[in-house]
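Peer 1:
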Amino acid sequence: MLVRQKILLSILDALNKPPSPMCLVKLAFLLGKETDLEGSCVYYDFVPYKYGPFSFALYRELEALRRDGYVSPDEKRVTLNGSAREMTRDKVEELPECARSAVAKTIARHGRQSQRALVTSVYAQYPWYTINSKLTDLIPDGAPQRPRTSVAVYTAGYEGKSVDHFFDELIRAGIEVVLDVRRNPVSRKYGFAGKSLKEIGSKLGLGYLHLPELGISSKDRGLLGDYESYQRLLNRYEQDWLPQKKDGIQCASELVSKQPSVMVCMEKDVRCCHRSRLAKIVSERTKLPIVHL
538 MLVRQKILLS
548 ILDALNKPPS
558 PMCLVKLAFL
568 LGKETDLEGS
578 CVYYDFVPYK
588 YGPFSFALYR
598 ELEALRRDGY
608 VSPDEKRVTL
618 NGSAREMTRD
628 KVEELPECAR
638 SAVAKTIARH
648 GRQSQRALVT
658 SVYAQYPWYT
668 INSKLTDLIP
678 DGAPQRPRTS
688 VAVYTAGYEG
698 KSVDHFFDEL
708 IRAGIEVVLD
718 VRRNPVSRKY
728 GFAGKSLKEI
738 GSKLGLGYLH
748 LPELGISSKD
758 RGLLGDYESY
768 QRLLNRYEQD
778 WLPQKKDGIQ
788 CASELVSKQP
798 SVMVCMEKDV
808 RCCHRSRLAK
818 IVSERTKLPI
828 VHL
């Protein structure tokens with residue numbers, strides 16, 4: 538079991554009564570923001586959603602805890618399964634003392650608040666996360682609006698990021714459309730397969746389009762190792778393959794010219810990703826600047 542899942546169990550174990558899913562998410566959010574927990578373990582990231590800060594990864598792992606019998610199937614309240622209480626306590630005991638102490642401090646400070654009071658407090662302290670909220674009566678005066686930006690040839694890689702962190706960055710940058718330029722939009726990392734990327738993006742108000750013809754096949758990437766091997770492949774991509782992809786380039790060029798759109802692939806280092814060469818060609822065609830997020 539992941540450390541962050543054990544932390545969820547620790548939160549539930551420390552509360553006097555089962556919380557609503559919304560309250561659990563807000564408590565988990567405050568735990569990360571108000572303690573040094575994020576510096577001591579891999580924790581959840583959050584993104585602005587319908588009711589403030591939200592984590593798609595947290596919700597997925599909460600479902601895993603339900604599936605494995607730690608949490609009851611009730612969707613209105615997150616209740617520890619009585620028959621798994623001993624297993625739950627064992628998992629909580631496996632947490633380092635700093636994590637258990639952080640949970641105790643957060644619950645002591647916020648655990649008795651009503652859902653409305655808790656959300657109001659989170660909104661007041663972290664107004665960024667209100668930009669997509671449906672709870673408009675709780676949004677404080679002066680809270681930020683969803684960012685808007687000018688068109689450009691934006692690119693981004695998701696390597697090393699959670700899907701929540703990745704989308705939070707895109708929203709902060711004012712991006713409106715994800716252009717998936719992978720040949721095969723598959724990923725073993727949660728949220729980054731094409732279907733998931735489209736579904737989560739849609740929930741957050743971002744469009745999605747897959748342009749597989751602009752990607753590089755896995756067989757051509759099989760022998761990549763050092764920087765030089767990447768550059769040889771990318772030179773072939775730019776000089777030999779892209780000239781044959783006029784329709785795809787035209788489609789990408791039209792989209793980035795209409796609204797802020799980001800060409801997405803996996804690699805963190807843009808110099809070792811084909812999106813750098815694709816961005817160059819699209820920029821030449823559109824006369825727009827290149828911005829690597």
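Heads up: the sequence shown begins at 538 in the numbering used here, then just goes up one per residue. Where is the CB? At the ideal position from N, CA and C, for every residue including glycine.
Using a Cβ-Cβ cutoff of less than 6 angstroms, which residues in the same chain neighbour Pro-749 once the five nearest sequence positions on both sides are dropped?
Peer 2: Along the sequence shown, one-based indexing puts residue 749 at 212. Cβ neighbours of Pro-749 beyond the five flanking positions: Arg-720.
Peer 1: How about the stretch 577 to 594 and the stretch 539 to 546: do they share at least three Cβ pairs that are nearer than 8 angstroms?
Peer 2: A contact exists between the stretch 577 to 594 and the stretch 539 to 546.
Peer 1: How about Tyr-607 and Pro-558: do their beta carbons lie closer than 9 angstroms?
Peer 2: As a working note, residue 607 is residue 70 in the sequence shown. As a working note, residue 558 is residue 21 in the sequence shown. No.
Peer 1: Please tell me whether, using a cut-off of 8 angstroms, the distance from the CB of Pro-585 to the nearest non-hydrogen atom of the ligand FMN is below it.
Peer 2: Here there are no bound small molecules, and the ligand FMN is not part of this structure.
Peer 1: Taking all protein chains shown into account, do 16 or more other C-beta atoms lie within 10 angstroms of the C-beta of Pro-556, making it buried, or fewer, making it exposed?
Peer 2: In the sequence shown, the residue the question calls residue 556 occupies position 19. It counts as buried.
Peer 1: Which of the three DSSP states is assigned to Thr-616 in this structure?
Peer 2: Translated into the one-based positions of the sequence shown, residue 616 becomes position 79. Residue state, collapsed to three classes: coil.
Peer 1: Would Asp-684 and Ile-708 qualify as a contact pair, given that the criterion is a beta-carbon distance under 9 angstroms?
Peer 2: The residue given as residue 684 occupies position 147 in the sequence shown. The residue given as residue 708 occupies position 171 in the sequence shown. First, the amino acid is wrong: residue 684 is Pro here, not Asp. Cβ atoms of Pro-684 and Ile-708: closer than 9 angstroms.
Peer 1: If you draw a straight line from the C-alpha of Ala-641 to the C-alpha of Leu-770, how long is it?
Peer 2: Within the sequence shown, residue 641 is the residue found at index 104, counting from 1. Within the sequence shown, residue 770 is the residue found at index 233, counting from 1. Cα-Cα distance, rounded: 52 angstroms.
Peer 1: Is the number of C-beta pairs between the stretch 756 to 768 and the stretch 782 to 799 that are closer than 8 angstroms three or more?
Peer 2: No: the two stretches stay apart, fewer than three of their Cβ pairs being nearer than 8 angstroms.
Peer 1: Helix or strand or just coil, what does DSSP make of Asp-784?
Peer 2: Counting from one through the sequence shown, the residue named residue 784 turns up at place 247. Looking at Asp-784 - three-state DSSP - the assignment turns out to be helix.
Peer 1: Checking 9 angstroms against the spacing of the C-beta atoms, do Val-801 and Asp-717 come in under that value?
Peer 2: The residue given as residue 801 occupies position 264 in the sequence shown. The residue given as residue 717 occupies position 180 in the sequence shown. Against a cut-off of 9 angstroms, the Cβ pair of Asp-717 and Val-801 comes out as a contact.
Peer 1: Does the stretch 683 to 700 touch the stretch 609 to 618, meaning 3 or more C-beta pairs lie closer than 8 angstroms?
Peer 2: Taking 8 angstroms as the limit for Cβ pairs, the verdict is that the stretch 683 to 700 does not touch the stretch 609 to 618.
Peer 1: Do the stretch 583 to 593 and the stretch 693 to 706 make contact, defined as three or more Cβ pairs closer than 8 angstroms?
Peer 2: In short, these stretches touch, since the Cβ pair count reaches three.
Peer 1: Over what stretch of residues does the beta strand (DSSP E) that includes Asp-717 continue unbroken?
Peer 2: On the sequence shown, position 180 is the one that residue 717 refers to. Counting along the chain, the beta strand (DSSP E) containing Asp-717 begins and ends at 714 to 717.
Peer 1: Please return the same chain residues whose Cβ sits closer than 6 angstroms to the Cβ of Ala-816, not counting the five positions on each side in sequence.
Peer 2: As a first step, residue 816 is located in the sequence shown; it is residue number 279 there, counting from the start. Closer than 6 angstroms at Cβ, skipping near neighbours: Val-690, Thr-692 and Ile-827.
Peer 1: Should Cys-635 and Asp-573 be called a contact, given that it needs their Cβ atoms to be closer than 9 angstroms?
Peer 2: The count along the sequence shown starts at 1 and reaches residue 635 at position 98. The count along the sequence shown starts at 1 and reaches residue 573 at position 36. Yes, Cβ-Cβ distance for Cys-635 and Asp-573 is below 9 angstroms.
Peer 1: Comparing the C-beta of Arg-719 with each C-beta of chain B, is any distance below 9 angstroms?
Peer 2: Note that chain B does not occur in the displayed structure, where there is just one protein chain.
Peer 1: Should Ala-789 and Leu-751 be called a contact, given that it needs their Cβ atoms to be closer than 9 angstroms?
Peer 2: Here the question's residue 789 lines up with position 252 in the sequence shown. Here the question's residue 751 lines up with position 214 in the sequence shown. Taking 9 angstroms as the Cβ cut-off, Ala-789 and Leu-751 qualify as a contacting pair.
Peer 1: Hey, could you find the ends of the alpha helix (DSSP H) Thr-710 is sitting in?
Peer 2: Locating residue 710 in the sequence shown gives position 173, counting from the first residue. Looking at the sequence shown, residue 710 is not Thr but Ala. No alpha helix (DSSP H) contains Ala-710, which DSSP labels as neither H nor E.
Peer 1: Can you have a look at Glu-791 and say buried or exposed, based on whether 16 or more other CB atoms are within 10 angstroms of its CB?
Peer 2: For the purposes of this step, residue 791 is taken as the residue at position 254 of the sequence shown. Exposed.
Peer 1: Let's test the definition: count the other Cβ atoms within 10 Å of the Cβ of Leu-539 and tell me whether it reaches 16, buried, or not, exposed.
Peer 2: Here residue 539 refers to the residue found at position 2 when the sequence shown is read from its first residue. Leu-539 is exposed by the Cβ-count criterion.
Peer 1: Residue ranges of each alpha helix (DSSP H) run of no fewer than 4 residues wholly in the stretch 636 to 697, ordered along the chain?
Peer 2: Runs of the alpha helix (DSSP H) inside the stretch 636 to 697: 652 to 662.
Peer 1: Report the option in Leu-830, Val-793, Tyr-588 and Arg-773 whose CA atom is closest to the CA atom of Pro-664.
Peer 2: On the sequence shown, position 127 is the one that residue 664 refers to. Of Leu-830, Val-793, Tyr-588 and Arg-773, the residue nearest in Cα terms is Tyr-588.
Peer 1: To the nearest whole angstrom, what separates the beta carbons of Gly-742 and Asn-669, a pair I think is in contact under 8 angstroms?
Peer 2: By 1-based counting over the sequence shown, the position of residue 742 is 205. By 1-based counting over the sequence shown, the position of residue 669 is 132. Contact flag correct, Cβ pair sits at about 7 angstroms.
Peer 1: Buried or exposed: which applies to Ser-620, given that a residue is buried once 16 or more other Cβ atoms fall within 10 Å of its Cβ?
Peer 2: As a position in the sequence shown, residue 620 is number 83, starting the count at 1. Ser-620 is exposed by the Cβ-count criterion.
Peer 1: Bridge partners of Phe-591, per DSSP?
Peer 2: Position 54 of the sequence shown holds residue 591. According to DSSP, Phe-591 bridges with Val-584.
Peer 1: Between the C-alpha atoms of Gln-787 and His-747, what's the straight-line distance to the nearest angstrom?
Peer 2: Numbered from 1 along the sequence shown, position 250 holds the residue referred to as residue 787. Numbered from 1 along the sequence shown, position 210 holds the residue referred to as residue 747. So the two alpha carbons sit approximately 14 angstroms from each other.
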